[in-house]
Amino acid sequence: MIERFDPLRGERLRVFDDQGRAAPDIDPGLADAELRALYERMVRARTADAKALKLQRQGRLGTYAPSLGHEATQVGLASALAREDWFFPYFRDLGAYLTLGYPLADYYHFWMGNEAGLRTPDGLNIFPIAIPVASQVPHAVGAAVALKYRKVRAAVVVTFGDGATSEGDFHEALNYAGVWRTPNVFVCVNNQFAISVPRSRQSASPTLAQKAVAYGFPGVQVDGNDVLAVLAATREALAVARDGGGPTLIEAYTYRLGDHTTSDDASRYRSKEEVQAWEGRDPIVRFRRYLERKGLWTDTVEKEVQAAASELVEKAVVEAEARPPATPEDIFAYTYAAMPPDLAAELAELKDALAEGPR
Amino acid sequence: MIMTMVQAITQALAVEMDRDDRVVVLGEDVGRDGGVFRATEGLVDRFGPERVMDTPLAESGAIGVALGMAALGLRPVAEIQFMGFIYPAFNQIISHVARLRNRTRGRFTAPLTIRTPYGAGVKALEHHSESTEALFCHIPGLTVVVPSSPAEAKGLLIASIRSDDPVLFLEPTKLYRAEKEDVPEGAYEVPLRQAAVRREGRDATVVAWGAMAPVARAAAAAAETEGLSLEIVDLRTLSPMDRATVLASVRKTGRAVILHEAPKTCGLGAEIAATIAESALLSLKGPVLRVTAPDIAVPLPKTEDLYYPNAGRVLRAVRRLMEY
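So the sequences go chain by chain: A and B. Those letters in the first sequence? Residues 1 to 359, by the working numbering. Those letters in the second sequence? Residues 360 to 683, by the working numbering.
As structure tokens, this is what we get:
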């Protein structure tokens, strides 16, 4: 399906429109239970995200990069992964994390300022988020090389923002992937802003998807507020990658409805009207309309989904806040496989100073 | 077998690739060309292009890719063609390679080795003579290793490849083919994090590593003709540093000269001097002196010798110390 939408001709893959009306020839035709699961994941992501913002405002969580508006992209791409696949996220990927089964308490724990929250539970193939922009993209290529080398039939998805496409690491990684035909799916979450700088000031390319052309593999722009479009494109790209067909670049065209982080004030650089227009294309509302047309959404369903999300979120907050703080040993112990004697001496000195207390 | 350092390095790679199929080599020109210094000569014929990977010309990408490979269970050995070209990969090394273990509390690690030739003394082009080890020694989580002889280069490289920590393995370009020695067959490790006392002495300690080790040896030989006995400590692993061996030597001799070919300011000599000041001050009979390159850019070949520390300068420092 991907090849039907040529980014060089400004074509964008979309399954349903703002009113939830589907294009029948593109609709992936998911089972009802699967559709409902997607909706649940999106609501869960939004509820968890809103809670994180609240916790930050109350001083219970640190600087936070909110995901509002990205739910379709995050849930859509993560729902396409198989258990053996790998995910290399950026720092705004809450919905993908939750969809892949990452414990929300861990996620909160990290944003509350604890490295332990970044330790992916065993059995989950999720790399830690990368904060230096685009620096994770080559990691995903290396991971794909390792899978190929070990003859594991799996692929690697990596996410990054529109700003990341200006970084050298983005270009280097895609170039490596093209030359080596690695099993990668690159998902550029184009939310129109890199903090304050708009998409038009990042690149003169009409689309970001078309950058793939220069690296010798397919690129496709999808409606990032259409969960089925993101899911379908990622699923297809993953299947190609796993079968040895090489990488794909997916540009998920969306909009960051919130601030860049809790330290940002987006009203400094964009108009209310613009934000309101995008609120009218809210990915959850759009999908709800789609489900409603299929007879899969009712007030009762909504209540159930919301209640389940709230319960999960409240539990996770309690769990995250109940965790003991890291010890001096914790912050020293993972610097090397075995602690060098001088580092052990620094740790002992710190503990002595702590035991003595402020005098 | 008698061989050069560069041959010993090739042999270390071959031995480890033979033993462990997780070990792969990547870098610019490491395949058919065998590397610009021939350090990977013959490996692609023996192990194939899947294990000896020519990369596109992009250092940050190479190290980032190597990190992803390492995190998923391989043991990549990445070659950066010259230390002067490592800087594009600086972010990958500092932000990710050095801290992956810590930021995932041990779930993911980066057991990769980054090999790169460093240092002046071979009349090379601009940007081909850097010795910026101090930049990397400042980064927690990295291990920085510098061999000074063929046999040790082999053992240290094998230990680096087997290390569960990321290692920056700095190869002294000047010593690649400067001398040959007998290098044991097969696999053996020279332990990381351990300095070596190369020569016992009475009057002063010279701390050196890599291409400065022979300079220290020459200085010691010359000093002997003046009735002075120098002890030489070769650090081998610059970080985490074996401070105990340095301190034990300085406590014995009471005098310390630190020799490095990097510029003086914030060079590793400053760290060693501070270590001595913190822990062996009362053993000192005079100030801790540094013999280093000046705080200037490495000059082009015609004046390179003005830059590079030599035995005479070490001797001057020792003579000065003996006046205290």
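Beta carbons are placed, not taken as given, at the ideal position from N, Cα and C, and that holds for glycine. Here the structure is a predicted model, which means the values were calculated and not measured.
Within a Cβ cutoff of 7 Å, which residues of the same chain sit near residue i, ignoring the five residues on either side of it in sequence?
{"i": "residue 360/A", "result": "Lying outside 1 to 359, the shown extent of chain A, residue 360/A is not represented and no answer is given."}
{"i": "residue 332/A", "result": "339, 343 and 347"}
{"i": "residue 110/A", "result": "117 and 118"}
{"i": "residue 49/A", "result": "66, 67, 68 and 94"}
{"i": "residue 124/A", "result": "100, 101 and 102"}
{"i": "residue 537/B", "result": "none"}
{"i": "residue 458/B", "result": "500"}
Three-state secondary structure (DSSP) at residue i?
{"i": "residue 320/B", "result": "The structure shown does not extend to residue 320/B, since chain B is modelled only from 360 through 683, so no value can be given for it."}
{"i": "residue 405/B", "result": "helix"}
{"i": "residue 553/B", "result": "coil"}
{"i": "residue 381/B", "result": "coil"}
{"i": "residue 541/B", "result": "strand"}
{"i": "residue 111/A", "result": "helix"}
{"i": "residue 85/A", "result": "coil"}
{"i": "residue 358/A", "result": "coil"}
{"i": "residue 97/A", "result": "helix"}
{"i": "residue 142/A", "result": "helix"}
{"i": "residue 473/B", "result": "strand"}
{"i": "residue 655/B", "result": "coil"}
{"i": "residue 152/A", "result": "coil"}
{"i": "residue 330/A", "result": "helix"}
{"i": "residue 478/B", "result": "coil"}
{"i": "residue 458/B", "result": "coil"}
{"i": "residue 31/A", "result": "coil"}
{"i": "residue 25/A", "result": "coil"}
{"i": "residue 360/B", "result": "coil"}
{"i": "residue 49/A", "result": "helix"}
{"i": "residue 531/B", "result": "strand"}
{"i": "residue 485/B", "result": "coil"}
{"i": "residue 618/B", "result": "strand"}
{"i": "residue 588/B", "result": "coil"}
{"i": "residue 449/B", "result": "helix"}
{"i": "residue 159/A", "result": "strand"}
Anything in chain B within Cβ reach of residue i, meaning under 7 Å, just list it in chain order.
{"i": "residue 141/A", "result": "424 and 427"}
{"i": "residue 84/A", "result": "Neighbours of residue 84/A on chain B: none; closest Cβ ~12 Å, over 7 Å."}
{"i": "residue 179/A", "result": "415"}
{"i": "residue 132/A", "result": "450 and 454"}
{"i": "residue 172/A", "result": "417, 419 and 420"}
{"i": "residue 163/A", "result": "Residues of chain B passing the Cβ test: none, with the nearest at roughly 15 Å."}
{"i": "residue 62/A", "result": "Residues of chain B passing the Cβ test: none, with the nearest at roughly 15 Å."}
List, in chain order, every chain B residue whose beta-carbon is nearer than 8 Å to that of residue i.
{"i": "residue 336/A", "result": "460, 500, 502, 524 and 599"}
{"i": "residue 175/A", "result": "415, 417 and 420"}
{"i": "residue 96/A", "result": "Those within 8 Å of residue 96/A in chain B number zero; the least Cβ separation is about 17 Å."}
{"i": "residue 135/A", "result": "423, 450, 451, 454 and 455"}
{"i": "residue 340/A", "result": "552 and 599"}
{"i": "residue 118/A", "result": "462, 463 and 464"}
{"i": "residue 216/A", "result": "Those do not exist, as residue 216/A stays about 12 Å from chain B at its closest Cβ, beyond 8 Å."}
{"i": "residue 238/A", "result": "Those do not exist, as residue 238/A stays about 17 Å from chain B at its closest Cβ, beyond 8 Å."}
{"i": "residue 123/A", "result": "Near residue 123/A there are no residues of chain B at all, since even the closest Cβ is about 11 Å away, more than 8 Å."}
Using the beta-carbon of each residue, which ones in chain A are nearer than 9 Å to residue i?
{"i": "residue 576/B", "result": "Within chain A, no residue comes near residue 576/B; the closest Cβ sits about 28 Å away, beyond 9 Å."}
{"i": "residue 430/B", "result": "127, 139, 142, 143 and 146"}
{"i": "residue 602/B", "result": "341 and 342"}
Please list the partners that residue i has in chain A, where partner means a Cβ-to-Cβ separation under 7 Å.
{"i": "residue 409/B", "result": "149"}
{"i": "residue 638/B", "result": "Within 7 Å Cβ-Cβ: nothing; residue 638/B doesn't reach chain A, min ~10 Å."}
{"i": "residue 391/B", "result": "Per Cβ cutoff of 7 Å: no residues; residue 391/B is ~15 Å from chain A at best."}
{"i": "residue 433/B", "result": "146 and 149"}
Determine the chain B residues that contact residue i at a beta-carbon separation under 9 Å, and present them in chain order.
{"i": "residue 106/A", "result": "Under the 9 Å cutoff, chain B gives no residues; its nearest Cβ is about 11 Å from residue 106/A."}
{"i": "residue 115/A", "result": "461, 462, 463 and 464"}
{"i": "residue 352/A", "result": "Ordered by position in chain B, no residue passes the 9 Å Cβ test against residue 352/A, which lies about 16 Å from the chain."}
Go through its chain and collect everything with a Cβ distance to residue i's Cβ below 8 Å, but skip five positions before and after it.
{"i": "residue 540/B", "result": "361, 362, 508, 509 and 510"}
Within the same chain, show all residues whose beta-carbon is closer than 6 Å to that of residue i, passing over the 5 residues directly before and after it, in chain order.
{"i": "residue 624/B", "result": "654"}
{"i": "residue 86/A", "result": "125, 143 and 156"}
Find the residues of chain A that neighbour residue i, judging by a C-beta separation of less than 8 Å, and give them in chain order.
{"i": "residue 441/B", "result": "Residues of chain A passing the Cβ test: none, with the nearest at roughly 18 Å."}
Between the stretch 277 to 294 of chain A and the stretch 4 to 13 of chain A, can you find at least three pairs of beta-carbon atoms closer than 8 Å? The stretch 4 to 13 of chain A is not in contact with the stretch 277 to 294 of chain A.
- Task: Report the residue ranges of all beta strand (DSSP E) runs contained in full by the stretch 171 to 255 of chain A; include only those spanning at least 3 residues, in chain order.
- Result: Counting only runs of 3 or more, we get 184 to 190, 219 to 223 and 248 to 253.
Touch check for the stretch 99 to 113 of chain A and the stretch 303 to 320 of chain A: three-plus C-beta pairs under 8 Å? Using a Cβ-Cβ distance cut-off of 8 Å, the stretch 99 to 113 of chain A and the stretch 303 to 320 of chain A are in contact, since at least three pairs of beta carbons, one from each stretch, lie closer than that value.
Do the stretch 556 to 566 of chain B and the stretch 586 to 600 of chain B touch if we need at least three Cβ pairs shorter than 8 Å? Segments in contact, yes.
Please confirm if the stretch 493 to 506 of chain B is in contact with the stretch 136 to 156 of chain A, defined as three or more CB-CB distances below 8 Å between the two stretches. At 8 Å Cβ cutoff, the stretches do not touch.
Indicate whether the contact test is met: 3 or more Cβ pairs, each with one atom in the stretch 223 to 237 of chain A and one in the stretch 166 to 178 of chain A, closer than 8 Å. Too few Cβ pairs lie closer than 8 Å, so no.
Review point. If we count Cβ pairs, one from each stretch, closer than 8 Å, do we get three or more for the stretch 372 to 381 of chain B versus the stretch 630 to 649 of chain B?
Key: They do not touch, by the three-pair rule.
Can at least three beta-carbon pairs, one atom from the stretch 29 to 46 of chain A and one from the stretch 301 to 316 of chain A, be found at a separation below 8 Å?
Enough Cβ pairs lie closer than 8 Å, so yes.
Any contact of the stretch 189 to 207 of chain A with the stretch 439 to 458 of chain B, i.e. 3+ C-beta pairs under 8 Å? These segments do not touch.
Suppose only complete runs of 3+ residues qualify. What are the beta strand (DSSP E) ranges in the stretch 410 to 442 of chain B, listed by chain order?
Entirely contained in the stretch 410 to 442 of chain B, the beta strand (DSSP E) runs reaching 3 residues are, in chain order, 411 to 413 and 434 to 438.
Check whether the stretch 608 to 621 of chain B touches the stretch 465 to 472 of chain B, taking contact to mean three or more Cβ pairs, one atom from each stretch, closer than 8 Å. Between the stretch 608 to 621 of chain B and the stretch 465 to 472 of chain B, the count of C-beta pairs closer than 8 Å stays below three; the two stretches do not touch.
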